[in-house]
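The opening residue of the sequence shown carries number 62 in our numbering; numbering runs sequentially from there. Ideal Cβ placement from N, Cα and C applies to all residues, glycine included. Notes follow the structure.
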Amino acid sequence: MTNNDITLRNAGALTNIGTGAAIGVPKVIYAERFPNADVLPLLESGATVTTGLFHTGVFDASIVGKFRRASIVLGSVGIDGAAQIDLNYALDTEQPCIGQDSDLTPFYFNNPRQTSRQISRQIRRALQRDSNVDVFLVLEARNNPPVGDSGLPPLLGLAVEAPTGNSFLSVDGGPSQQRTTSNWVVEMKFTPQEENGS
62 MTNNDITLRN AGALTNIGTG AAIGVPKVIY AERFPNADVL PLLESGATVT
112 TGLFHTGVFD ASIVGKFRRA SIVLGSVGID GAAQIDLNYA LDTEQPCIGQ
162 DSDLTPFYFN NPRQTSRQIS RQIRRALQRD SNVDVFLVLE ARNNPPVGDS
212 GLPPLLGLAV EAPTGNSFLS VDGGPSQQRT TSNWVVEMKF TPQEENGS
């Protein structure tokens, strides 16, 4: 068996788990943008978006890395550099999202309303209509999560090499501000169209 998935990832190798800006505050939202120019050609070639992956981790092995929810949404980046996303209109959501310990946590795009093929068609049409629309994978932390001896909540991994400007962070209900010093370790996977067209 050969895995023929196509992976989009803005980050290099993992260098850190978490950022101090997201520790000890409520309403923490991580967002990773996958630009229109990267996603649309894959969907137009017949590929199907199937999975989002977040590199999550905990500092205390006794703690379950539980997050409030993971979502895939459409949005854009404003002239102020903040991500404009509305989580009330997510294409798919997993709630709660149980994170892996220092590993990639999968979020599969299939729900009772839509299959991954239907979600892919919806994304493709939106990206074709407006070149300013991008795809975002979003991971929301729980408020006041249980912590172990370290006092640290479950966190998202990041890479400090070659920041791309596609990672965003919102804390305490504030805007999703663009990070210029690191990338979240988040991936989006696609399955290419089979040669027989199925």
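Pair within 7 Å by beta-carbon distance, residue i and residue j
i, j, result
"residue 230", "residue 93", "no"
"residue 122", "residue 158", "no"
"residue 118", "residue 192", "no"
"residue 211", "residue 120", "yes"
"residue 250", "residue 109", "no"
"residue 233", "residue 88", "yes"
Whole-angstrom C-beta distance between residue j and residue i, which should lie under 8 Å
i, j, result
"residue 203", "residue 115", "Not confirmed; about 14 Å, so no contact."
Close beta carbons around residue i, own chain, < 6 Å, minus the five adjacent residues each side
i, result
"residue 71", "225, 227 and 244"
"residue 165", "114 and 116"
"residue 77", "219"
"residue 161", "117"
Range covered by the beta strand (DSSP E) that runs through residue i
i, result
"residue 247", "247-252"
"residue 164", "164-169"
"residue 208", "No beta strand (DSSP E) holds residue 208; DSSP gives it neither H nor E."
"residue 154", "153-155"
Start and end residues, alpha helix (DSSP H) containing residue i
i, result
"residue 89", "First-last for residue 89: undefined, no H or E at that position."
"residue 98", "97-105"
"residue 187", "177-190"
Test: residue i CB closer than 7 Å to a CB of chain B
i, result
"residue 204", "Protein chain content of the structure displayed is limited to a single chain, and chain B is not contained in it."
Three-state class that DSSP yields for residue i in the structure shown
i, result
"residue 218", "strand"
"residue 213", "coil"
"residue 257", "Because the pLDDT at residue 257 is just 40, under 50, the model does not fix this residue reliably, and the point stays unresolved."
"residue 69", "strand"
"residue 148", "helix"
"residue 202", "coil"
Check: residue i C-beta below 6 Å from any heavy atom of the ligand FMN
i, result
"residue 119", "Ligands in the displayed structure: none, and consequently the ligand FMN is not present."
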